[in-house]
Structures are given as structure tokens and as C-alpha cells.
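Written below as C-alpha cells is the structure these notes are about.
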Amino acid sequence: MTMADVLTHVLVGYILGTVFSFRSEWVRAPQVTLVMLGALSPDIVKIKLLLSAEMVELALGMPFSWRPLHTPTGSFLVVGLGALLVSAEHRNRVFVLLAVGAGSHHILDVLLINPSGYAYPLCWPLTDYRPPRGMLYLSSDRLPVLVAGTVAAIVWKVQKKIR
Amino acid sequence: MPSLEMNGQSVRLMTFLGLVVSLVALLLWAGTLSPNPGMNSFPGNAEAGPNPSVYLGQHVSLGGTVVSTQPVVVEIEYGVADMRQITFVNLDRSVSEGQQITGFGVLTDGSTLVIERVIVRSPWEIWYMYVISFFGGLWVLSRIVTHWEIDRDQLAFRPRCDDDG
């Protein structure tokens, strides 16, 4: 419900990946794509819009929640699974790139507004405590995507120039 | 034959399965957790929807569609297909029918929520978010297809062109 739109996350992933490519020879288009994929990854929790936790509970006959997918611990596991899908020689770098993207996602989402004023449990399962949110913007606001889009266009231009 | 020695691919498979099992365990565990206001975790539609009276005098966060405006009545969904109407009072802004509203406040009786903070969105804003999110996902998917390929020998993805700019 209260998450930045996927496009903003993906644009931020593109910006981060492209800026890394200015500094590191090994970061090229395939690697930038991984930062973008990582930045999108916590939003696989949106699977709940198609298959709600209640439906899964009915089918399984036991309690269930999609929420861990949108926590840093869930992201760690998802990013680990992603890194295992590539061949061994690329695995460590793929893990780092996906993790950077996923980290950017959590930072952006903690800045979002929601009614209670509290974020999701960032340190779960260590603690269920939810820290206060940044309360900067709404997920349906147009400003974040405009800002991210503008910065992405700038780094794209810079990248064209230096290569 | 080093039959007991695991090769790289079996370590990979075991690790993969280990991560999947951990993830599923977390999803099942999270399902058993109840809201805990002391941890800033408040009941939502799923918890308060079936029986709001349980949470009288407590903070809850409820969301749904505005079905009438004087007073503001919101239809909230919970469970697989259940619905309940809750009256939102003490709103600091006007709303119109059909808008999506999420309110945080105190339940004073089984059908009244005294609002402290709300988020109101028009249906087009929800659609806007879905549409641009869809394009965000499509962009990443097309880049994966363009820049990565499957190595059939290793059963793994690899960059299409390592020295590609």
C-alpha cells in the first residue's frame, strides 16, 4: 500500500548502476540491469494483489503472510536466490549489485508517508519494532518519479559522453 | 569416484533449496504474528475487519472505498471477500464517493473510527501507480532479455557480452 511506485525504484537503480559504471570498468549494461532488478525486488510482495495471504492461508490451512518479502531480511534471501541463478564466476558481483538495488528500495520506502506514521519492521525477525517514517511523499505522488526520471536522463547523457 | 564429495552444482542446489526453505519459513512465521502497538504495529483490515469490537479504544489503521460522504462511510475489505462499513469521523479534509481512503485512529465503537491521520487517493491515482509500475517492471524485464542469456551447460544466466558498453 505505502511503497514508492516501481518505476521510481527502477529509475533509482538505473542511476546508481550507471554512476557505478563511471568508476568501475566491470559495471556495464548487464550489471546496471542487476541494480535495477534489485531495486524492484522487494515489490514482489505485490504478489498479494493477485493472491492474498488469506487465500494462501485457506489453501495451506496455516497462518501465512507475504510481508517478509518487503523486509531487509526477505530481500537478503531473495537476492541470494538471484545470485545463485548466475554462473559461479559472476555470483559475488551479482549478489552485491542486487543487494545495492534492494537497499535503495528500502531507503526510499522508509521515506514514504503512511497513516500510522510508522514504517515496516526493518530489523525483523530480530525485532518487530517499526521505526517512524520519513513522511516525505506518497506512493502515488508524481514528484519522486519526475525527479528520478530527470536525474536518470542526466546520468544517461553523461554516460553517452564519456563512452 | 569421489562420491561423497559435492561438486559446485550440488552445493549450488543445496544452497538454493536452503534459501527457499528459509523464505517459506519466514512467510509462515510472519502469518502467526499479531499486531503489537508497543512495537508500532497496529491492527489493519485483516485483524480489525472481522470483529472491530475487540479493538475498542485502540489505534487501528483501516482502508477502503468511500461509499458516502455525510457522514463519511468507508467500505473496508478483509478476509477473502468480506466487507464492513466503518464511519470515519474527525476528518481534516473533504472526500468524495469512490475515493480510496486509509485512516489511522481510534475505534470508539464497532463501526466508528476517530481519525488522526488519513491518506486519500482518487481512483485515477491508483491506476496511475499501477500503470507506471507495470512499465517499470517491463523495462527491467526487457533489459534482462537484452543483456543476459542462459548458459545451458551451467544452467545459469550469464551476461550476453562481457565487454559490451
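Protein chains in written order, with our numbering: chain A, 547 to 709; chain B, 1162 to 1326. In this text, a Cβ means the ideal position worked out from N, Cα and C, and glycines have one as well. Since the model is a prediction, treat every value here as computed from it, not as a measurement.
Leaving out five residues before and five after residue 1266 of chain B in sequence, what residues of the same chain have Cβ atoms less than 6 Å from its Cβ? The answer, listed in chain order, is 1274, 1275, 1276, 1277.
Name the one or two DSSP bridge partners that residue 1317 of chain B has. Answer is B:1312.
Is residue 680 of chain A close to chain B, meaning its C-beta is less than 8 Å from at least one C-beta of that chain? So, not an interface residue.
Indicate, with yes or no, if the ligand COA has a heavy atom lying under 7 Å from the CB of residue 587 of chain A. In the structure shown, the ligand COA is absent, as is every other ligand, since no ligand is present at all.
What did DSSP end up calling residue 659 of chain A once you bin it into helix, strand or coil? Residue state, collapsed to three classes: coil.
Between which two residues does the beta strand (DSSP E) harbouring residue 1230 of chain B extend? For residue 1230 of chain B, the enclosing beta strand (DSSP E) begins and ends at 1220 to 1230.
Using a Cβ-Cβ cut-off of less than 7 Å, give me the residues of the segment 1288 to 1315 of chain B that come near chain A, in sequence order. Hits within the stretch, in order: 1289, 1290, 1293, 1294, 1296, 1297, 1298, 1300, 1301, 1304, 1305, 1308, 1309, 1312, 1315.
Simplified DSSP assignment, three categories, for residue 1172 of chain B: When secondary structure is reduced to three states using DSSP, residue 1172 of chain B falls in the helix class.
Contacts of residue 1183 of chain B in chain A (Cβ-Cβ under 8 Å): Result: 623.
Please list the residues of the segment 1191 to 1221 of chain B that have a C-beta atom closer than 8 Å to any C-beta atom in chain A, keeping them in chain order. Using a CB distance below 8 Å, the part of the segment 1191 to 1221 of chain B facing chain A consists of 1191, 1192, 1193, 1194, 1197, 1200, 1201, 1202, 1203, 1207, 1220, ordered along the chain.
With DSSP collapsed to three states, give me the class of residue 1256 of chain B. If DSSP states are grouped into helix, strand and coil, residue 1256 of chain B belongs with coil.
Own chain residues within Cβ distance below 8 Å of residue 587 of chain A, not counting five before or after: The residues are 621, 624, 625, 628, 644, 647, 648, 651.
Is residue 659 of chain A close to chain B, meaning its C-beta is less than 8 Å from at least one C-beta of that chain? Yes, residue 659 of chain A lies at the interface with chain B (some Cβ there is under 8 Å from its Cβ).
Is it right to say residue 561 of chain A is buried, meaning 16 or more other beta carbons lie within 10 angstroms of its own, or is it exposed? By the 10 Å Cβ count, residue 561 of chain A comes out buried.
Would you call the segment 1192 to 1200 of chain B in contact with the segment 1235 to 1252 of chain B, where contact means no fewer than 3 C-beta pairs closer than 8 Å? At 8 Å Cβ cutoff, the stretches do not touch.
Could you tell me whether the Cβ of residue 696 of chain A comes closer than 8 Å to any Cβ of chain B? Taking Cβ atoms only, chain B never reaches closer than 8 Å to residue 696 of chain A, which makes this a no.
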